[in-house]
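Q: Submitted below is the structure of interest, expressed as structure tokens.
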Amino acid sequence: MAVALNTLVEEAERYLGSAKIQDYCPNGLQVEGRPQVSRIVSGVTASQALLDAAVEAEADLVLVHHGYFWKGENPCITGIKQRRLKTLLKHDISLLAFHLPLDVHPEVGNNVQLARQLDITVEGPLDPENPKVVGLVGSLAEPMTARDFARRVQEVMGREPLLVEGEQMIRRVGWCTGGGQGYIDTAIAAGVDLFISGEASEQTFHSARENGVSFIAAGHHATERYGVQALGDYLARRFAVEHLFIDCPNPI
Numbered sequence: 566m567a568v569a570l571n572t573l574v575e576e577a578e579r580y581l582g583s584a585k586i587q588d589y590c591p592n593g594l595q596v597e598g599r600p601q602v603s604r605i606v607s608g609v610t611a612s613q614a615l616l617d618a619a620v621e622a623e624a625d626l627v628l629v630h631h632g633y634f635w636k637g638e639n640p641c642i643t644g645i646k647q648r649r650l651k652t653l654l655k656h657d658i659s660l661l662a663f664h665l666p667l668d669v670h671p672e673v674g675n676n677v678q679l680a681r682q683l684d685i686t687v688e689g690p691l692d693p694e695n696p697k698v699v700g701l702v703g704s705l706a707e708p709m710t711a712r713d714f715a716r717r718v719q720e721v722m723g724r725e726p727l728l729v730e731g732e733q734m735i736r737r738v739g740w741c742t743g744g745g746q747g748y749i750d751t752a753i754a755a756g757v758d759l760f761i762s763g764e765a766s767e768q769t770f771h772s773a774r775e776n777g778v779s780f781i782a783a784g785h786h787a788t789e790r791y792g793v794q795a796l797g798d799y800l801a802r803r804f805a806v807e808h809l810f811i812d813c814p815n816p817i
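Number 756 in this note's numbering belongs to position 191 of the sequence shown; there are no gaps in the numbering.
Spelled out as structure tokens, the structure:
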């Protein structure tokens, strides 16, 4: 089975509501390839490793969370940008990328999907008064220690997370996948016992320690593997095409 590229792109944009979301990059079709799509390869970032794997898999379209053309970057097509684009154009492969729309979506979004992986019940947004804040709050079925929860994260993520251990048992959790460590103070104001993000900054440690909450940095790449998989699965079911997620490991 195959679907027209334009039809698939329009459905992805409709489903994610991407036209309504301001972002740091263009969401949607970033590189146009062949007009029909029968095989999708998805991955977190449109790196050269993923593109090479997509070529090997004979993909028609690459679906990612981190694409190209970020605000403020050098627009010149040189270096790794030239090599990446050359790979896509040479093999007539499309690149479809969704950043913030894939973080915030209530069904296939990175944050909702991470909650499912970690058995967290979603209760609502991290800051109900500010829709620009990306992140959620939720609760665990049973209280557990920060170390026990960190072990759960390690089992799911397949990597040891950075843990700043707080004073209390973990019941209420706030989280934002990827580079969301800057929301820790918002999470503290929301009354969480633990905040999870992909990355950590130097000041994250002090915010957690001095407020008596726990903090886990589980990896930018690791926490954002699940949204793009879920979106790829949705599009594959919707149009009866093939979908293959390829994980190119990244320790950061």
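Ideal placement from N, C-alpha and C gives every residue a C-beta, glycine not left out.
1) Can you confirm whether Val721, when its beta carbon is compared against all beta carbons of chain D, has any partner nearer than 7 Å?
2) Run through DSSP, which three-state label would His808 get?
3) With DSSP as the reference, label Gln595 as helix, strand or coil.
4) Going along the chain, which unbroken runs of the beta strand (DSSP E) with 3 or more residues stay wholly within the stretch 703 to 761?
5) With distances taken between CB atoms, is the gap from Gly739 to Val721 smaller than 7 Å?
6) Would Pro814 be called buried (16 or more neighbouring beta carbons within 10 Å of its own) or exposed?
7) Could you tell me whether the stretch 596 to 608 touches the stretch 665 to 674, where touching means 3 or more Cβ pairs closer than 8 Å?
8) For Phe780, does the three-state DSSP call read helix, strand or coil?
9) For Pro726, which residues in the same chain have their Cβ closer than 8 Å to its Cβ, ignoring the five residues on either side in sequence?
10) Using only alpha-carbon positions, find the residue among Val596, Pro693, Leu679 and Gly731 that is nearest to Lys646.
11) Cβ of Gln746 within 7 Å of Cβ of Thr769?
12) Would you be able to state if there are at least three C-beta pairs under 8 Å between the stretch 693 to 711 and the stretch 613 to 631?
13) Could you tell me if Asp713 is buried or exposed, where buried requires 16 or more neighbouring beta carbons within 10 angstroms of its beta carbon?
14) Can you tell me whether Gln678 is helix, strand or coil according to DSSP?
15) With burial defined as no fewer than 16 other Cβ atoms inside 10 Å of the residue's Cβ, what is the status of Glu571: buried or exposed?
16) Output the boundary residues of the alpha helix (DSSP H) element that contains Ala614.
17) Enumerate in chain order the residues of its own chain whose CB-to-CB distance from Ala622 is below 8 Å, with the five nearest sequence positions on each side excluded.
18) Note down, in chain order, each residue of its chain lying with its Cβ closer than 6 Å to the Cβ of Pro600, except the 5 sequence neighbours on either side.
19) Output needed for Leu594: all residues of its chain with C-beta closer than 6 Å, excluding positions within five of it in sequence on either side, in chain order.
A: From the atom records:
1) Absent from the structure: chain D. Only one protein chain is present.
2) strand
3) strand
4) 727 to 729 and 735 to 741
5) no
6) exposed
7) no
8) strand
9) Ala715, Val718, Gln719, Ile781, Ala782, Ala783 and Gly784
10) Val596
11) yes
12) no
13) exposed
14) helix
15) With the sequence shown as reference, residue 571 is identified as Asn, and Glu is not the correct amino acid for it. Result: exposed.
16) Gln613 to Glu621
17) Arg604, Val606, Leu809 and Ile811
18) Leu570
19) Val574 and Leu661
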